[in-house]
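Chains as they are written, first to last, in this note's numbering: chain A, 1 to 482; chain B, 1001 to 1482; chain C, 2001 to 2448; chain D, 3001 to 3448. Ideal placement from N, C-alpha and C gives every residue a C-beta, glycine not left out. Notes to accompany the following structure.
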Amino acid sequence: MQLIYEQSVNGRRGVRLPVSDVPAAAELPGNLLRRESAALPEVAELDLVRHFTNLSRRNYSLDTNFYPLGSCTMKYNAKVLENAAALFAPFHPMTALLPGGVELCQGSLGMLYDLGQMLADITGMDEVTTQPLAGAHGEMTGILLIAAYHASRGNKDKKKYVVVPDSSHGTNPASAAIAGYEIITVPTAPYGDMDIELFKKAMTDEVAAVMMTCPNTLGLFNPHIKEISDIAHSHDALMYYDGANLNAIMGKVKPGDVGFDVIHVNLHKTFGTPHGGGGPGSGPVGVKKALIPFLPQPRIVMNDDGQFLLEDQKTASIGRTANFFGNFSVMAKAYAYIIMLGREGLIRVSEQAVLNANYIKERLKTYYDLPYDMTCMHECVFSASKQLEHGVHAIDVAKFLIDKGYHPPTVYFPLIVKEAIMIEPTETESKATLDAFIDVMIEAAITAETNPHLLHDAPVTTPVGRLDETKAAREQNVCCIG
Amino acid sequence: MQLIYEQSVNGRRGVRLPVSDVPAAAELPGNLLRRESAALPEVAELDLVRHFTNLSRRNYSLDTNFYPLGSCTMKYNAKVLENAAALFAPFHPMTALLPGGVELCQGSLGMLYDLGQMLADITGMDEVTTQPLAGAHGEMTGILLIAAYHASRGNKDKKKYVVVPDSSHGTNPASAAIAGYEIITVPTAPYGDMDIELFKKAMTDEVAAVMMTCPNTLGLFNPHIKEISDIAHSHDALMYYDGANLNAIMGKVKPGDVGFDVIHVNLHKTFGTPHGGGGPGSGPVGVKKALIPFLPQPRIVMNDDGQFLLEDQKTASIGRTANFFGNFSVMAKAYAYIIMLGREGLIRVSEQAVLNANYIKERLKTYYDLPYDMTCMHECVFSASKQLEHGVHAIDVAKFLIDKGYHPPTVYFPLIVKEAIMIEPTETESKATLDAFIDVMIEAAITAETNPHLLHDAPVTTPVGRLDETKAAREQNVCCIG
Amino acid sequence: MNDSHYCPHTPEEIQEMLSAIGVASVEELFSPIPSELRAKTFNLPPGLSEFETFDKMKSIAADNRGGMSGFVGGGFYDHIIPAAVDHLSGRAEFYTAYTPYQPECSQGTLQALFEYQTAICRLTGMDVSNASLYDGGTACAEAAMMALRITGRNKIIVDGCVNPFSRQVLKTYLYNLDVEVVEIAPLDGLLNREELAGMLDESVAAVLVQNPNFFGCVDDFSALAQQVHALDALLIASVYPISLGLLATPGEMGVDITVGDGQSLGNPLSFGGPSFGFIAARKAFIRNMPGRIIGETVDKQGRRGFVLTLQAREQHIKRHKATSNICSNQGLCALRGLIFLSAIGRQGLVDMARMNRDKAEYAKSQLVGIPGVTVLQSAATFNEFTIFLPKPADGVVAALLRKDIIAGVPLGQYYQGSENCLVVTVTEKRSRKEIDRLVKELEVAVCN
Amino acid sequence: MNDSHYCPHTPEEIQEMLSAIGVASVEELFSPIPSELRAKTFNLPPGLSEFETFDKMKSIAADNRGGMSGFVGGGFYDHIIPAAVDHLSGRAEFYTAYTPYQPECSQGTLQALFEYQTAICRLTGMDVSNASLYDGGTACAEAAMMALRITGRNKIIVDGCVNPFSRQVLKTYLYNLDVEVVEIAPLDGLLNREELAGMLDESVAAVLVQNPNFFGCVDDFSALAQQVHALDALLIASVYPISLGLLATPGEMGVDITVGDGQSLGNPLSFGGPSFGFIAARKAFIRNMPGRIIGETVDKQGRRGFVLTLQAREQHIKRHKATSNICSNQGLCALRGLIFLSAIGRQGLVDMARMNRDKAEYAKSQLVGIPGVTVLQSAATFNEFTIFLPKPADGVVAALLRKDIIAGVPLGQYYQGSENCLVVTVTEKRSRKEIDRLVKELEVAVCN
Ligand SMILES: Cc1ncc(COP(=O)(O)O)c(C=O)c1O
Ligand SMILES: Cc1ncc(COP(=O)(O)O)c(C=O)c1O
């Protein structure tokens, strides 16, 4: 398909603007003016509409078919959530920060406050900040809260390390590093969880925090989690919970109950907000009492007569992590999702997410190697090692699935499983969908033995075949010239 | 693709309803109850969304590419019109019919009134009713108005016939017949318009009306139109104008000025409202003074202090042609379209619609036979007679275009042109789009000579190939059993 | 010229095109129009930007009084519309497509309408449905004309309990044909069967009834169907689709042609439209059906596909001999109806229907508690019912309008002598709180 | 269990699945969780239907005061959003897709983001752009960290005229690193160049400025760029994209890294988010860029396609050595930005920018007419400017809020001694009538 710039015609106008109702201002001094107008597209609105409509049709999406991308919780994005969020489009965030402004924003502020309360209940935390704009942003915020906590107790210099299991998501170590810590990585034991002995060795009083997700990225719930957090606490290290896998345990376990001190939640995963082709997300952070003083400002608080206020004194707070109140409309969707599903609904979400994952695991384990063969939670991780004997890699299976009309599972992660095939079905998929997917996965396994080239050549049904990534990295054409 | 019914699973629930907040009523007597619930789909919302999203992806549409369907005016449907119409979703039409109700509906009633005024200006009529729900509905309404007019002058029994040219759209004779008239069809002369001599012969005092569209369905403006209406009037016959081709002449000619007494307008053609895969449309009818008394009730009138009222005495009116005020939200879109484009904008619409049609006509006439080779208005009609020498029919050219990513022109109409290829580009298409289409049309003409089978076998890129229409008509499977 | 809406050409492009055509100016292309016929005036206002246009539309909508709590029906009903209905019917490929004349690239619309036809058949208990008509009133008229064709007779008997607007539309349609339309005045809000019996003879093409009728009364027309069939006449019933979640189907009663307005199925009130009319009949009558019909078939490779079928009934082929003049129908609204029914689902429609009746019965029980207010007892009702007030209903309704309550439809203007009658509609959207407020305010209004 | 939202299984299906798994109950699947760790309480309210949920959201939105006429900016701006932006970004294939990890079935997102990167480069005059960051403030922080990596130095100088929220975010990000962040207090609403000169040395990694700055002042940083480069330090500029329809680009000024908030490009105010941050830089720095970058390439058949490229910078590969921790970005908002810019178009952006300035200048000229009101004269402005009031701005703003006018941002809480200063923003959406009303009411407020 042409680029929109390739469709531009000199002098063509798009959407028409109002005629000005004020006199023209004097021209600015030349040095303040750009020399020529930016070469933006010059297309008719109809051509614009066709361009982006046809681009959209070159995307696979959740609304077109099953999207079993492990660790991403691609659950159905209810349409009513979009309508609900749109209700808040006209409200300017600065209004709340003006003198007397909070009175004009009681709806928005109250919703954020309630959302925090509900997330605190779900996660077992004492207070939640809704400022963080995504999971990784929440992680960094959380680690900074931990740093502030240690600093407040005179341990800023003493606390140098953050411990993560090697199965952790890349954002965990990255966020800790950005927040100023060095990383200690603990290997995974044959039983699929962080090796507890090696963990004990790694723990010293110089460790500021341990970052884990439970269930972990193999989809396994760590039975030693309490022991681990006790050990961490005994070294005055705080426990950080990566909430990306929360979909498995709502109403079943509260991270706060098993020793976690800080948690981020991915509203765009567990709470049904769309992923938007990469974002926006939202990553509220919950903390235990001891960390409340350090939460980002402004804090939304409720006074005795139920009015919502902004608290913004220069306290021990780590300050702002985003310019305003976070990705508000994403939170509006998550809020609507939570009140719609309610207590029973969320419990059922976790139950059926786990049911679906185990169903796929059992149905496929005779065809694909299952490195950690035990009851999983919301996702399961296979390895294409059997297929590799025929020269077929996980990525080849992935591309084969694309030709069959499915989005592949996650195949680059977790790094600890060679040729990983990480499947997270989520609760919103019907049995018919799961069965159809399982059939295609089996077909892929059989074809890997009989006709491996079919997998190597896939995909053939897409607008483009496998793309030359080396060329892209070498030439670095990231902006169209001309 | 599966039917939605084929995806149903016994007991599966879709969208959840509120829990009742009132006591359950006593059961109705058995004879009033249905024996078993209707076998409607039982699917999850996600499966519903995927089903209809994927169905939509099997449609060609204006937003995906050029749609040069002659006589259909497939112009761009501006997105802002959709937003504008949605503003009126909550208003119940009965409100206006209640005592004191009009006060609550001044916005809606005023808009309909203004729309009528603007359409009257565009068409040169004295008053407009917005009740008719589509073009054909407008035609029937118009002919009934003419019948009422003749009846009021004691000529009900005398007036038996409606005259139409053989180039007229099928709805014209059909509407006149439904309204109780017999049809006299006048052939088209070699110069592309209704044969004036034969017309004169056809005209007697028993003719109630002459139905024409000008430009006609060949895209030609009839230079004798005034003479024709004078002749009609001399027989006390009224002139009916089929407004489906209005896109060619806005601001250039007013049907009311050239002797037409009644007109319908297709808002879903000339005024940019979407066709919805077949509807809804809207077909307001304009009339000259003499016919105002017969307009459908309730009539929207404005009193001296600018308040809008409903006039609904049992006058000479033909009564209601629709239950309420017509396809209101379609009219809201057309109203927004008209005020947005304004006087100059609508003139330009007609100019560029005509420019585009003539451009295509000139560029293609060496490749396709042009039965009536003269300056056209908004559309031009070719014949595939040249291609037929190679055994290629207009329909084969059409199917070839589908494989090339284009919606074909109209090929079943007008009936007077053998192997007709009727092209209406509309004004909203850019030159680049027209040129690309022209190239493919040329390719089709060449392929017709070199590889006719390629056209006979087309389309091959679609989810299904040419379908067996005889089987459909014979088996009459119009509802899925089970 | 550049900045005009939706006319993309630049001046340079226009020049290129003009020279390709071989004319000097766009004006020259209009030379076929005799100059004396050219428009002398054109008084529309100048254009607006998109932003200003939407702003103006908002101010127009604001001139309507919103936020009213509605207890009116009369053919249009305020029902829940699942969010998915807007999102899916709003897919550009659906709403910017034309009639599916080229089936290979229109399977989306065609399959959806086939599924719609199936839904209508299953809902009504009939054999065949078309792909939509304009609205409920015009559907009554089309059904009547269909019966005239089928029977070759020229009398239609219409129950006065049928929606008065639909009756008017029917009369308008038949106005210039030599067809006799006889109306039977209601008896206690029901069909006057005695009077009907007196009129039934071999000249009658069809009898048109409605269920639930304009008074809200639910009736059983099984016996009537037999009577009518005994004379080789047809029974036409207009029905309210939501009620069919609960009520006996026209099919079960022996109705020959079923029609109705589909607005209640996922279409917003929108001040009266667009909605859609549906028509369904016994298989034997399929060739007499008006409008488009989608049929199932296969392509050369045996793949299932859908096409417009039996087109020999239609105007674009049969012209004045067509079964109807309809061309554009209300396809997108019918699609909304299908999506609505699919979203609510089989059991969902039953639950929704039941909730409508429950709320109406609750409202009824409360309203009759008001001194001087009684309810029409002659028959069972669904979600609408008629009450008698101790004073003219017009004044009461006007009084409640001032309190943002649309209390119902006063019958006075539709039935002589019913000045004190009010038809109250209660859908699932009306909360107990709203109902209680209606009752409270109505009591205030009647007791002053 | 059936009627729970978005959990489709019927009891029968659950049984089949359980037996396929070989467990007796769903509960058994949770056995890996030690019972003593199981949640004891779970106090969320019971669920609601879709209809009730939307109703509740409407009532929450209604608790905000709407219909205000806004003259506030501070990083978010109330600009026209063409209708096509919502309709196209609302295509399900865009908003329900994940990050385009599988390029063959994600060309829609990938090509769109490539076009977005191009738009940002052309708008800012830079060589390379990424595919979006979170927002304007975090983009400033990422740019600073990028400069620290590139220069290997550890001091960042921040002009006090930069948006105070962005400055706070930057400090939070750097809070636990041993990096020195030095702020320079504004001088007459401009960068205090003298003070800066005194601080510039080889320890400085970068200087961060903003144009137009928080006071609305437009500046020329060309000379500053040379100064900074002379020390092998970098110049980072935060810019307001709409202003680039008119103003000199960072590229023209010699800026090394350009950042900003993209909300003004087709994203609604939505109480602060989501918007998107953009970052663009000189080509040399591409390997130090944070976040995702789309690159052009070809497939085996030579067909053009787009992929995520230079991923070796990112967390999922480099983990703690990544250039940033960002994973999810604000892709859909960036897409809206692209659609907005494509809809408005090349000349449209120029016109829009000019209209912003014209309206602001008009408002300025009217406001200074109020006795006691003067305007900051130190520099030219775009669509925001600072005025001095004869009394504290807080009270005046509060007074106008009561008249549904958001008069502007009082500077008192951001700059000591500026209690009487007010920053007024005027976008193209504010009509002359609204401006005149602001002036009238502000006069009333200051003269009492
Ligand atoms: C386990 C895990 N942690 C953290 C993240 C990062 O979340 P985000 O992409 O919202 O920054 C993800 C997202 O893929 C994840 O899967
Ligand atoms: C020339 C002409 N007349 C009348 C009509 C009928 O209009 P509608 O489909 O709105 O009933 C059409 C529509 O195709 C037409 O092209």
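- Message: For a cutoff of 8 Å on Cβ pairs, would you count Thr-64 (chain A) as touching chain B?
- Response: To locate residue 64 (chain A), count along the first sequence from 1; it is residue 64. Cβ-Cβ to chain B under 8 Å: yes for Thr-64 (chain A).
- Specify the secondary structure class of Thr-1129 (chain B) as computed by DSSP and reduced to three states. One-based indexing of the second sequence puts residue 1129 (chain B) at position 129. Residue state, collapsed to three classes: strand.
- Task: Determine the DSSP secondary structure at Ser-3238 (chain D), reduced to helix, strand or coil.
- Result: The residue given as residue 3238 (chain D) occupies position 238 in the fourth sequence. Three-state result, Ser-3238 (chain D): strand.
- Message: Can you check whether the C-beta of Glu-2016 (chain C) is within less than 8 Å of a C-beta belonging to chain A?
- Response: Position 16 of the third sequence, counted from the start, is the residue given in the question as residue 2016 (chain C). It does not; no Cβ of chain A falls within 8 Å.
- Query: Hey, which unbroken runs of the beta strand (DSSP E) at 3 residues or more fall wholly within the segment 143–181 of chain A?
  - Reply: 161–165
- Message: For Arg-2346 (chain C), report the span of its beta strand (DSSP E) as first-last.
- Response: For the purposes of this step, residue 2346 (chain C) is taken as residue 346 along the third sequence, with counting starting at 1. Arg-2346 (chain C) -> not in any beta strand (DSSP E); alpha helix (DSSP H) instead, spanning 2331–2367.
- Task: Could you say if the segment 2260–2280 of chain C and the segment 2078–2091 of chain C meet the contact criterion of at least three C-beta pairs nearer than 8 Å?
- Result: yes
- Query: Does the distance from the CB of Asp-3358 (chain D) to the CB of Ala-25 (chain A) come in under 8 Å?
  - Reply: Along the fourth sequence, one-based indexing puts residue 3358 (chain D) at 358. Along the first sequence, one-based indexing puts residue 25 (chain A) at 25. Yes, these two residues count as a Cβ contact at 8 Å.
- Would you report the Cα separation of Tyr-1359 (chain B) and Asp-1121 (chain B), rounded to the nearest angstrom? Locating residue 1359 (chain B) in the second sequence gives position 359, where the first residue counts as 1. Locating residue 1121 (chain B) in the second sequence gives position 121, where the first residue counts as 1. Taking the straight line joining both Cα atoms gives about 30 Å.
- Evaluate Gln-1352 (chain B) with the Cβ neighbour count: other Cβ atoms within 10 Å of its Cβ, from every protein chain shown; 16 or more gives buried, anything less gives exposed. Position 352 of the second sequence, counting from 1, holds the residue named residue 1352 (chain B). With 16 or more Cβ atoms within 10 Å of its Cβ, Gln-1352 (chain B) is classed as buried.
- Considering only the beta carbon of each residue, do Cys-1479 (chain B) and Thr-2118 (chain C) sit closer than 8 Å? The count along the second sequence starts at 1 and reaches residue 1479 (chain B) at position 479. The count along the third sequence starts at 1 and reaches residue 2118 (chain C) at position 118. Result yes, Cβ atoms of Cys-1479 (chain B) and Thr-2118 (chain C) sit closer than 8 Å.
- Pro-255 (chain A), DSSP secondary structure in three states: Here residue 255 (chain A) refers to the residue found at position 255 of the first sequence. Helix at Pro-255 (chain A).
- Classify Leu-2191 (chain C) as helix, strand or coil using the three-state DSSP reduction. What you label residue 2191 (chain C) is simply residue 191 of the third sequence in a count that begins at 1. If DSSP states are grouped into helix, strand and coil, Leu-2191 (chain C) belongs with coil.
- Item | Proximal residues, the segment 1073–1096 of chain B versus chain A, C-beta separation under 8 Å | Tyr-1076, Ala-1078, Lys-1079
- Hey, Ile-2471 (chain C) and Asn-2288 (chain C): beta-carbon distance below 8 Å or not? The structure shown does not extend to residue 2471 (chain C), since chain C is modelled only from 2001 through 2448, so no value can be given for it.
- Message: Tell me whether Gly-1281 (chain B), by its Cβ, gets closer than 7 Å to a heavy atom of ligand 2.
- Response: Walking along the second sequence from the start, residue 1281 (chain B) turns up at place 281. Gly-1281 (chain B) Cβ: within cutoff of ligand 2.
- Message: I'd like to know whether the C-beta atoms of Ala-2445 (chain C) and Ala-2399 (chain C) end up nearer to each other than 8 Å.
- Response: Here residue 2445 (chain C) refers to the residue found at position 445 of the third sequence. Here residue 2399 (chain C) refers to the residue found at position 399 of the third sequence. Closer than 8 Å, so yes.
- Would you say the beta carbon of Ala-2141 (chain C) comes nearer than 7 Å to a heavy atom of ligand 2? Position 141 of the third sequence, counted from the first residue, corresponds to residue 2141 (chain C). No, ligand 2 has no heavy atom inside 7 Å of this Cβ.
- Query: So is Ile-3150 (chain D) in contact with chain C if we call contact Cβ pairs under 8 Å?
  - Reply: Against the fourth sequence, residue 3150 (chain D) aligns to sequence position 150. Not an interface residue.
- Whole runs of the beta strand (DSSP E) within the segment 2242–2303 of chain C, excluding any shorter than 3 residues: 2257–2261, 2277–2281, 2293–2298
- Query: Going straight from the alpha carbon of Leu-3110 (chain D) to that of His-235 (chain A), what length do you get?
  - Reply: If you number the fourth sequence from 1, residue 3110 (chain D) lands on position 110. If you number the first sequence from 1, residue 235 (chain A) lands on position 235. Each residue's alpha carbon lies about 46 Å from the other.
- Selection of the segment 1450–1474 of chain B by Cβ proximity to chain C, strictly under 7 Å: Pro-1459, Thr-1462, Pro-1463, Val-1464, Gly-1465, Arg-1466, Leu-1467, Asp-1468, Glu-1469, Lys-1471, Ala-1472, Ala-1473
- Comparing the C-beta of Ser-3238 (chain D) with each C-beta of chain A, is any distance below 8 Å? Here residue 3238 (chain D) is taken as the residue at index 238 of the fourth sequence, counted from 1. So, not an interface residue.
- Task: Check Phe-2071 (chain C) in the structure and name its three-state DSSP category.
- Result: Here residue 2071 (chain C) refers to the residue found at position 71 of the third sequence. Residue state, collapsed to three classes: coil.
- Task: Confirm the yes/no value for this check: CB of Cys-72 (chain A), any heavy atom of ligand 1, distance under 7 Å.
- Result: Position 72 of the first sequence holds residue 72 (chain A). Yes, Cβ of Cys-72 (chain A) sits closer than 7 Å to a heavy atom of ligand 1.
- Between Gly-1138 (chain B) and the rest of its own chain, which residues show a CB-CB distance below 6 Å, the 5 nearest in sequence each way excluded? Position 138 of the second sequence holds residue 1138 (chain B). Excluding residues within five positions, the ones whose Cβ falls inside 6 Å are Pro-1132, His-1264, Gly-1283, Val-1285.
- Going along chain A in order, which residues have a C-beta closer than 9 Å to the C-beta of Glu-1045 (chain B)? For the purposes of this step, residue 1045 (chain B) is taken as residue 45 along the second sequence, with counting starting at 1. Those within 9 Å of Glu-1045 (chain B) in chain A are Tyr-76, Ala-78, Lys-79, Thr-428.
- Message: Quick check on this structure: which residue in B:Val-1440, B:Glu-1042, B:Phe-1088, B:Arg-1466 has the alpha carbon closest to the alpha carbon of Gln-2102 (chain C)?
- Response: Here residue 2102 (chain C) is taken as the residue at index 102 of the third sequence, counted from 1. It is B:Arg-1466 whose Cα lies nearest to the Cα of Gln-2102 (chain C).
- Task: Give me the Cα-Cα distance between Leu-2389 (chain C) and Asn-1245 (chain B), rounded to the nearest whole angstrom.
- Result: Position 389 of the third sequence, counted from the start, is the residue given in the question as residue 2389 (chain C). Position 245 of the second sequence, counted from the start, is the residue given in the question as residue 1245 (chain B). Taking the straight line from one Cα to the other gives about 53 Å.
- Roughly how many angstroms separate the alpha carbons of Val-497 (chain A) and Asp-2299 (chain C), rounded to a whole number? Residue 497 (chain A) lies beyond the residue range present for chain A, which begins at 1 and ends at 482; the question has no answer from this structure.
- Should Gly-2277 (chain C) be counted as a contact of ligand 2 given a C-beta to heavy atom distance under 7 Å? Along the third sequence, one-based indexing puts residue 2277 (chain C) at 277. Incorrect: Gly-2277 (chain C) has no Cβ contact closer than 7 Å to ligand 2.
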